[in-house]
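So the structure is just underneath, and the comments pick up after that.
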Amino acid sequence: MTSCQSVKVVYKYVIPNYDCPKFPALERTINEDESWNIPKESVDLLAEFYLEYSKLEATIKHDKELYGKVEE
Numbered sequence: 001m002t003s004c005q006s007v008k009v010v011y012k013y014v015i016p017n018y019d020c021p022k023f024p025a026l027e028r029t030i031n032e033d034e035s036w037n038i039p040k041e042s043v044d045l046l047a048e049f050y051l052e053y054s055k056l057e058a059t060i061k062h063d064k065e066l067y068g069k070v071e072e
C-alpha cells in the first residue's frame, strides 16, 4: 500500500529592507587645550541623524516583536 505524503507547510519570513541613516560628516575646530568647537550646522545634522536613527530603532524593535508573535 502506498500513500501520498501529507501536505507540508513551509513558512517563509520576508525581512524588510531598512534604510539606515548615514552618519553626517561633522565640522569641528580643535582648540589648543584639545577641546572642540562644533558649529551649529553640524549639531543640527547630528540631531537629525539621532532622530532618524531612533525611529529606525523603534521600527526594528516593533518588527522583532511582530515576527516573534508570528513564530509562536
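Residue numbering for the sequence shown is 1 to 72, as defined by the UniProt record's numbering.
The beta-carbon is built from N, C-alpha and C at its ideal position, and this holds for glycine as well.
Measuring alpha carbon to alpha carbon, tell me which residue in the options is nearest residue i.
{"i": "Pro24", "options": "Thr59, Lys64, Glu41", "result": "Glu41"}
Taking Cβ to Cβ, would you say residue i is nearer than 8 Å to residue j?
{"i": "Glu52", "j": "Pro16", "result": "no"}
{"i": "Leu45", "j": "Leu26", "result": "yes"}
Out of curiosity, what's the CA-to-CA distance linking residue i and residue j?
{"i": "Val10", "j": "Leu66", "result": "19 Å"}
{"i": "Ile60", "j": "Tyr18", "result": "8 Å"}
{"i": "Val43", "j": "Glu34", "result": "19 Å"}
Going along the chain, which residues of its own chain have a beta-carbon closer than 7 Å to the beta-carbon of residue i, five neighbours each way excluded?
{"i": "Glu72", "result": "Caution is warranted here: a pLDDT of 47 is assigned to Glu72, below 50, making its placement in the model unreliable, and no coordinate value can be reported."}
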